[in-house]
Structure formats: C-alpha cells, structure tokens
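Q: Residue numbers (this note's numbering), protein chains in the order written: chain A, 1 to 347; chain B, 1001 to 1086.
Even glycine gets a Cβ: it sits at the ideal position worked out from N, Cα and C.
Quick one: the structure is below, and I'll ask about it shortly.
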Ligand code: SF4
C-alpha cells in the first residue's frame, strides 16, 4: 500500500504558486496551502481604508487561490518573528527594503516546522530559476534549502527539472518527468500552463508579494527608522505607513495627514496614541503628530495642517489640538502658503 | 437567539488578521459549536466566508450595523471536517 503523501504549498496569491500547487495535485498528492502574514503583505488594507475604494470588490488572493484549487489554507501570523528577518537580513536588501532571500528562507523554515508538526512530507513553492534578481537565482536556491533546514524536502515543481533531484522525486512520491523546467523572467510558459489548466483569472503582482518592494513605502520605513532611537516597530507603525500623506518638517516630528474621509476615519482609531488635530473653522483632514514636539513645532504643525484643509486660503484657521490624555485646546493660526511647504518635507 | 460558544472581538484590525484570529479561535472549538466574530474591516465580508468555505465551516449570518460586521460561524458546519485540523 502506498501511503498518501502530503505536501504544504506556500501560497502567495499569485499565479506561480497556484500553478505549482496544481501540478502536484495532479500527481495525486494531498496538498494544503500555507500563507504567512508579515504585516507588509499586499492585502486589501488600503482598500479597506480609502473610502473611494470601498465599493470595489475586495478579496484576499491567497484565499481565492486556495478556493480555486480546492485546498485548505492556513494563514499564519508571523508579524513578531518577521522583525528579525527585516531588521537584520543576513543577505541584505533588494532594490528597496525587501529582504527577499532571508524572507524566503524564513518562510520555508516556518513551513518546514509546520510539516513536522502536522506529519506532512514535503514543501512546494512556485519559485522559478532566474525569475527574481535576489531570491530566485540558480545560486541562491540552494541557500533557501540549506538555511531553512528543509533541504531536499523542498520541491519547486515549476523548475524542478533544472535543479538536483529532491526527496519527493527520488522516493517516487512525484514523477520528475511531469515537473517543469521554467526559467528566466519570461512569463510565457506560466501563461501557457495556466491556459492548459483553465485558469482564466489570476492576480499578477507587479514587483513582488509585499509592500517592501515598493519604493514609496520603503522610503517611509527608512525615514521612520532614521528618526527613532530604535528600529523596532509595531504593527500599527507599519500600517500607518500605508495611510495618508507623511510630511516631516523637522527631524523630531512628522505629520500624517489623511487624504480623504476614509483615511480620516481610519486615523481616528489612533487618537489615543498620537497627539492630533483637526480644523474647527473649516472642513479639513485629521492630522496625527508623530514625535516629541515643542510649542513652536505645534504651531508649525497647525499651520501645515491648515494648508491641507478647506481653509487653506483663509486668513486664520482654528484647529483643535488633543493630547494623549484627551485634553483639547484651540489653536488659531494662518495657513502656510503653498510655496512654504518644502518639497523635501514629503517623506 | 442562537447559542454562541465563543465571541471574538476583531474590531479595528485589518484583513487578514480577523481571519487569522477566527481561524485560531476555531482551532480550539468542537464541531457544531458557534463562533461570533465582530469586525470593522469590510474585507471580512469576503474573507471570512471564503476561509470558512475552504475549511468546511458554515457561515450562519452576516449582519452589518453602524460600521460593525457581525459574523456567526458554525464550526465544521459544512460536514467536510478536515482530517488534519491544527
Ligand atoms: S517580496 Fe516581500 S514577501 Fe515576497 S519574498 Fe520579497 S520580502 Fe518576502
């Protein structure tokens, strides 16, 4: 009797992991999906926040993919553990603050822990040789195997034929002849295979699977680190980097200014953690102040905040400033002029 | 009023965290028990039912009121209880 072999598949929500999973399902292996939530994943967050996007259908692509494939999906919160990966990546960062190689090694290691706890046999990923500059090069693929500890229990069905044989192949749990030899940045073979499987709709993440590959996001993250005594972060910190305009007029503080009603509403949730202000005399956005501020700083912050409200051309705008104890006072200021907002304040 | 065995406050956290919290809560529950989740991220209206469908749980109701979404789930209610729950 052949034992039913079981594999866990790293599901990102993109096409490659979807194809890799399907290839192994076709071979009669029981597959379940696993998805890691680092806090930086590209999810429906900004949609959930911004009012204008609220009407659009939102979905979690990893869940959607699992449902298309008819497999279970385990979503694992790795926010805490991921800090070490992001703060001290052994292999450094990619083009932006994305520590892709360490990140992949970490995720495969977590998956390897999972299969040992759940009595699964091997791990699959949608990696393709030469597809990504950092984590998916021929010379870095063994690094992931080695550093994750998964060794030859890690199978990449889309490019397995270009790589040394792994345990599932040697043991005959999967047929190497029915695996693929995709390589390089071209997406054509993946699209053809998708066609063959009848996958008509799939997500195509541009840069990568998370915000860390995004330049604007990375800039805000680096700015935050540079101006704090420690690089440690909380989930709230990294969420707030996705919301609003961020302006740093002085090294000791920055402002987070809601761009529309949905963002104002979202930022309201942080009123107990941040000094904040909103315009009383004119409609205007909610503004959080992040940092230690003097009375002079507060005045500057208020003048900037006034600039972003409908009283921007008024002589005077009244704003209500509320501190962490919930005590409020009114400030009357003249809004800064457009040309007084320095371009380099924008983070 | 239906009997609810566990309540989960998932307000003010964004997807996929409410899904993860619901998943972890259900991991400690028995088939037939009910979990009630209260959330504020509208994404849960899609994500929690999707997660339930693929894992064999049944969504009994989704009620939206004053920007709060209350979802009641019957554990293993689809009768496809997975063999390898964690
Ligand atoms: S894009 Fe982000 S989630 Fe994907 S491997 Fe790179 S760091 Fe990790």
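1. Give the straight-line distance between the Cα atoms of residue 66/A and residue 343/A, rounded to the nearest whole angstrom.
2. Residues around ligand 1, please: the condition is that the C-beta lies closer than 6 Å to some non-hydrogen atom of it.
3. Residue 1052/B touches chain A at which residues, Cβ-Cβ below 7 Å?
4. So, does the stretch 78-85 of chain A touch the stretch 31-44 of chain A, judging by three or more C-beta pairs under 8 Å?
5. On the DSSP letters alone, give me the boundaries of the alpha helix (DSSP H) that residue 1018/B sits inside.
6. Whose C-beta lies closer than 6 Å to the C-beta of residue 170/A among residues of the same chain, with five residues either side of it excluded?
7. Just verifying my parser: in three-state terms, what is the DSSP assignment at residue 224/A?
8. Looking at C-alpha atoms only, which residue of 184/A, 91/A, 156/A, 327/A is the closest neighbour of residue 178/A?
9. From residue 1029/B to residue 1035/B, what does the alpha carbon distance come to, in whole angstroms?
10. Once DSSP output is grouped into helix, strand and coil, what is the label at residue 159/A?
11. From the DSSP output, read off the bridge partner residues of residue 346/A.
12. Considering only C-alpha positions, which residue in the set 1078/B, 1063/B, 1053/B is nearest to residue 1037/B?
13. Among 339/A, 292/A, 231/A, 42/A, which has the Cα closest to the Cα of residue 303/A?
14. Check the C-beta distance from residue 333/A over to residue 248/A and give it rounded, since I have them as a contact under 8 Å.
15. Applying a beta-carbon distance threshold of less than 9 Å, which residues of chain A neighbour residue 1018/B?
16. Measure the alpha-carbon distance for residue 295/A versus residue 93/A and round it to whole angstroms.
17. Can you tell me whether residue 239/A sits near ligand 3, meaning its C-beta is under 6 Å from at least one heavy atom of the ligand?
18. Short of 7 Å Cβ to Cβ, which residues in the stretch 1036-1067 of chain B face chain A?
19. Taking DSSP as the reference, what is the three-state secondary structure of residue 331/A?
20. Does DSSP classify residue 121/A as helix, strand or coil?
21. Of all the CB atoms in chain A, is at least one closer than 7 Å to the CB of residue 1011/B?
22. Look up residue 102/A in the DSSP assignment and say whether it is helix, strand or coil.
23. Report the rounded CA-to-CA distance for residue 220/A versus residue 246/A, giving the unit in angstroms.
24. Just to make sure I have the definition right: I need the residues of chain B whose C-beta is within less than 7 Å of the C-beta of residue 66/A. Which are they?
25. When the Cβ atoms of the stretch 101-119 of chain A are set against those of the stretch 137-149 of chain A, are three or more pairs found closer than 8 Å?
26. Under 8 Å, with one C-beta from each stretch per pair, do the stretch 189-197 of chain A and the stretch 132-146 of chain A reach the 3-pair mark?
27. Measure how close the beta-carbons of residue 161/A and residue 185/A come, nearest whole angstrom, since I'm counting them as under 8 Å.
28. Nearest chain B C-beta to residue 20/A closer than 7 Å, yes or no?
29. Which whole runs of the alpha helix (DSSP H) in the stretch 124-178 of chain A are 4 residues long or more, in chain order?
30. Classify residue 258/A as helix, strand or coil using the three-state DSSP reduction.
A: In short, the structure shows the following:
1. Translated into positions along the first chain, residue 66/A becomes position 66. Translated into positions along the first chain, residue 343/A becomes position 343. One C-alpha to the other measures close to 45 Å.
2. 98/A, 99/A, 100/A, 103/A, 104/A, 135/A, 208/A, 209/A, 210/A, 212/A, 213/A
3. Walking along the second chain from the start, residue 1052/B turns up at place 52. Neighbours of residue 1052/B on chain A: none; closest Cβ ~10 Å, over 7 Å.
4. yes
5. In the second chain, counting from the first residue as 1, residue 1018/B sits at position 18. Unbroken alpha helix (DSSP H) run through residue 1018/B: 1017-1027.
6. Taking the first chain and counting its residues from 1, one reaches residue 170/A at position 170. So no residue of the chain qualifies.
7. Within the first chain, the letter at position 224 stands for residue 224/A. Here residue 224/A sits in helix by DSSP.
8. To locate residue 178/A, count along the first chain from 1; it is residue 178. Ranking the options by Cα distance to residue 178/A, first place goes to 156/A.
9. Within the second chain, numbered from 1, the residue matching residue 1029/B stands at position 29. Within the second chain, numbered from 1, the residue matching residue 1035/B stands at position 35. Residue 1029/B and residue 1035/B: Cα-Cα distance of roughly 9 Å.
10. As a working mapping, residue 159/A is identified with position 159 in the first chain. Note: residue 159/A maps to coil in three-state DSSP.
11. Sequence index remark: in the first chain, residue 346/A carries index 346 (1-based). The partner list for residue 346/A (beta bridge, DSSP) reads 247/A.
12. On the second chain, residue 1037/B is found 37 positions in, with the first residue counted as 1. The shortest Cα separation from residue 1037/B among 1078/B, 1063/B, 1053/B belongs to 1063/B.
13. Against the first chain, residue 303/A aligns to sequence position 303. When only C-alpha atoms are compared, the closest one is 339/A.
14. Looking up residue 333/A in the first chain gives position 333. Looking up residue 248/A in the first chain gives position 248. Between residue 248/A and residue 333/A the Cβ distance is about 19 Å, and since that is not below 8 Å, they are no contact.
15. As a working note, residue 1018/B is residue 18 in the second chain. Neighbours of residue 1018/B on chain A: none; closest Cβ ~11 Å, over 9 Å.
16. Taking the first chain and counting its residues from 1, one reaches residue 295/A at position 295. Taking the first chain and counting its residues from 1, one reaches residue 93/A at position 93. The straight-line gap from Cα to Cα measures roughly 39 Å.
17. Of the ligands this structure carries, namely ligand 1, none is ligand 3.
18. 1041, 1042, 1043, 1046, 1047, 1050, 1051, 1053, 1054, 1055
19. The residue you call residue 331/A lines up with position 331 of the first chain. Of the three classes helix, strand and coil, the one that applies to residue 331/A here is strand, per DSSP.
20. Numbered from 1 along the first chain, position 121 holds the residue referred to as residue 121/A. The answer is coil: DSSP assigns residue 121/A none of H, G, I, E or B.
21. Counted from its first residue, the second chain places residue 1011/B at position 11. So, not an interface residue.
22. Within the first chain, numbered from 1, the residue matching residue 102/A stands at position 102. Note: residue 102/A maps to helix in three-state DSSP.
23. Within the first chain, residue 220/A is the residue found at index 220, counting from 1. Within the first chain, residue 246/A is the residue found at index 246, counting from 1. Roughly 8 Å separates the two Cα atoms.
24. Residue numbering aside, residue 66/A sits at position 66 when the first chain is read from its first letter. Ordered by position in chain B, the residues that pass the 7 Å Cβ test against residue 66/A are 1054.
25. yes
26. no
27. Position 161 of the first chain, counted from the start, is the residue given in the question as residue 161/A. Position 185 of the first chain, counted from the start, is the residue given in the question as residue 185/A. The pair is not a contact, with the Cβ atoms about 18 Å apart (cut-off 8 Å).
28. Counting from 1 along the first chain, the entry for residue 20/A is found at position 20. It does not: the Cβ of residue 20/A has no partner Cβ on chain B nearer than 7 Å.
29. 141-148, 167-170
30. Here residue 258/A refers to the residue found at position 258 of the first chain. DSSP places residue 258/A in coil when its eight states are reduced to three.
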